[in-house]
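Engineer: Protein sequence lines correspond, in order, to chains A and B. Remember, my numbering sits 41 above the position in the first sequence when you count from 1. Remember, my numbering sits 41 above the position in the second sequence when you count from 1. Note that CB positions come from ideal geometry on N, CA and C, so glycine has one too. Before I ask anything, here is the structure I am working with.
Number of protein chains: 2
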Amino acid sequence: MKNSLGAETVVPTTPVWVVGTYDKEGKPNVMTAAWAGVCCSKPPCIYVSLRKATYTYNNIMERKAFTVSIPSLEYTKEVDYFGITSGKKVDKFSTTGLTPVKSDLVDAPYVKEFPLIIECKLIQIVEIGLHTEFIGEIVDVKADSSVLNEKNLPDIEKVKPIVWNIAGMSYHKVGKSVGQAFSLGKEL
Amino acid sequence: MKNSLGAETVVPTTPVWVVGTYDKEGKPNVMTAAWAGVCCSKPPCIYVSLRKATYTYNNIMERKAFTVSIPSLEYTKEVDYFGITSGKKVDKFSTTGLTPVKSDLVDAPYVKEFPLIIECKLIQIVEIGLHTEFIGEIVDVKADSSVLNEKNLPDIEKVKPIVWNIAGMSYHKVGKSVGQAFSLGKEL
């Protein structure tokens with residue numbers, strides 16, 4: 042017998058991604074988002090869902106582009122700061138000392154110090170309710186050499202991404218592998 | 042200097058969720074999805090992105106409802122099986138011995154043995170490309186007592202959800218908390 046918790050978004054797991062945009066004047070901004078993920082393989086697309094009240098919402102509307110920078114665990118403090126402050130009031134890069142890098146493919150900046158970044162051009166806007174979903178086509182993914190495995194792919198144990206736990210309002214690390222896909226299930 | 046990996050969806054983290062549906066004849070089916078997440082707080086909504094070739098795609102089109110059952114680590118083998126087989130050919134519940142439970146709120150079944158489930162009614166269909174995004178409004182979330190914390194919320198360390206690592210094609214556990222949100226960043 043399961044307990045009803047009501048119509049709430051208290052579900053794991055969601056990512057901790059940092060969305061990079063430029064405002065009208067060209068000031069780089071970043072915000073943390075957990076309502077985000079992959080939504081298509083061909084074309085490769087990710088989405089971020091944002092409230093209209095955010096600075097980033099208007100920036101994406103204006104520039105039709107965004108990046109996602111995937112932080113390592115060591116930047117959890119900066120990531121939390123990016124989520125509790127607004128680019129309307131502060132310059133989040135100068136406060137944290139992190140470095141905005143202009144993408145040469147889309148009209149948006151990414152965070153130099155984060156090991157893995159995704160550059161996107163806006164292709165769809167989906168109105169849902171409090172949140173608007175921005176679907177971006179991935180133009181390129183870039184990674185530091187230090188997080189690549191022998192296949193030139195980002196190794197999750199080296200990237201050390203953060204997972205969001207809304208029920209506990211806590212950030213979590215990703216643990217060890219518990220099995221290989223397309224393999225384990227063959228036993229059944 | 043970052044290395045270009047091309048326009049690929051090789052990004053962490055995405056969840057490992059099991060989508061439950063009924064087909065035309067009322068046969069319960071489940072499939073594993075990682076292109077899934079939360080996309081709105083009010084109304085509370087999640088999405089799953091599916092290829093048209095999946096059995097689940099047609100089931101959602103037909104029934105306008107789906108559930109997501111969030112598996113614990115101990116069911117990784119069954120979850121992999123749910124991802125590599127099709128409901129067109131097999132009855133995934135009978136093969137694994139897991140139990141379909143009919144939701145009393147939406148026209149879809151969930152997995153009894155999984156600790157946390159989400160019941161959704163379909164509210165939007167977004168055509169993107171190879172994948173179609175189904176946005177479902179959360180009607181209820183239900184959890185086993187064993188995974189609830191003192192606030193009656195699902196404790197991520199008790200739910201033990203699985204994270205998908207596409208770059209390594211591996212399933213991962215969620216590790217310990219590395220900090221509290223809306224708190225850590227105040228130091229900056």
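#1: Check the C-beta distance from B/Ile-197 over to A/His-213 and give it rounded, since I have them as a contact under 8 angstroms.
#2: When the cut-off is 8 angstroms and only beta carbons count, does B/Gly-209 lie next to chain A?
#3: Here's the rule: buried if 16 or more other CB atoms are within 10 angstroms of the residue's CB, otherwise exposed. What is B/Lys-130?
#4: Under the rule that 16 or more other beta-carbon atoms within 10 Å means buried, what is A/Lys-183, buried or exposed?
#5: Cα separation between A/Ser-186 and B/Ala-149?
#6: Check for me: the beta strand (DSSP E) holding B/Ser-135 runs from which residue to which?
#7: Identify every residue that forms a DSSP beta bridge with A/Ala-74.
#8: Along the chain, where does the beta strand (DSSP E) that runs through A/Gly-124 open and close?
#9: Cβ closer than 7 angstroms: which chain A residues qualify as neighbours of B/Asp-148?
#10: Nearest-angstrom Cα distance between A/Met-210 and A/Cys-86?
#11: Quick check on DSSP: helix, strand or coil for A/Ile-169?
#12: Looking at the unbroken alpha helix (DSSP H) that takes in A/Asn-99, where does it start and where does it end?
#13: Which chain B residues are close to A/Gly-220, counting only those with a beta carbon under 8 angstroms from its beta carbon?
#14: Give me the DSSP bridge partner(s) of B/Ile-164.
#15: Looking only at DSSP bridge pairs, what is B/Pro-112 linked to?
#16: How would you call A/Ser-90, buried or exposed, if buried means at least 16 neighbouring beta carbons within 10 angstroms?
#17: Do you know offhand how far A/Asn-100's Cα is from B/Ser-224's?
#18: For B/Gly-67, return the contacting residues in chain A, with the cut-off set at a CB-CB distance below 7 angstroms.
#19: Does A/Pro-112 come within less than 8 angstroms of chain B when only Cβ atoms are used?
#20: Relative to chain A, which residues along the region 171-189 of chain B have a C-beta separation below 9 angstroms, given in chain order?
#21: Hey, is the region 58-73 of chain A in contact with the region 102-116 of chain A, meaning 3+ C-beta pairs nearer than 8 angstroms?
#22: If I'm right that A/Gly-226 touches B/Gly-124 with Cβ under 8 angstroms, what's the distance once you round it to whole angstroms?
#23: Going by CA-CA distance only, name the one from A/Lys-118, A/Pro-53, A/Lys-83, A/Ala-48 that's closest to A/Met-72.
Structural biologist: For this structure:
#1: 6 angstroms
#2: yes
#3: exposed
#4: buried
#5: 45 angstroms
#6: Counting along the chain, B/Ser-135 falls outside any beta strand (DSSP E), though it belongs to the alpha helix (DSSP H) covering 133-137.
#7: A/Trp-58
#8: Where A/Gly-124 is concerned, there is no enclosing beta strand (DSSP E), although the alpha helix (DSSP H) it sits in stretches over 117-125.
#9: Correct list: empty, because the minimum Cβ distance to chain A is about 17 angstroms.
#10: 27 angstroms
#11: coil
#12: 96-104
#13: Thr-117, Lys-118, Asp-121, Ser-211, Tyr-212
#14: Answer is none; B/Ile-164 lacks a bridge partner.
#15: DSSP output for B/Pro-112 lists no bridge partner at all.
#16: buried
#17: 26 angstroms
#18: Ordered by position in chain A, no residue passes the 7 angstroms Cβ test against B/Gly-67, which lies about 22 angstroms from the chain.
#19: no
#20: Leu-171, His-172, Thr-173, Glu-174, Ile-176, Glu-178, Ile-179, Val-180, Asp-181, Val-182, Lys-183, Ala-184, Asp-185, Ser-186, Leu-189
#21: yes
#22: 7 angstroms
#23: A/Lys-118
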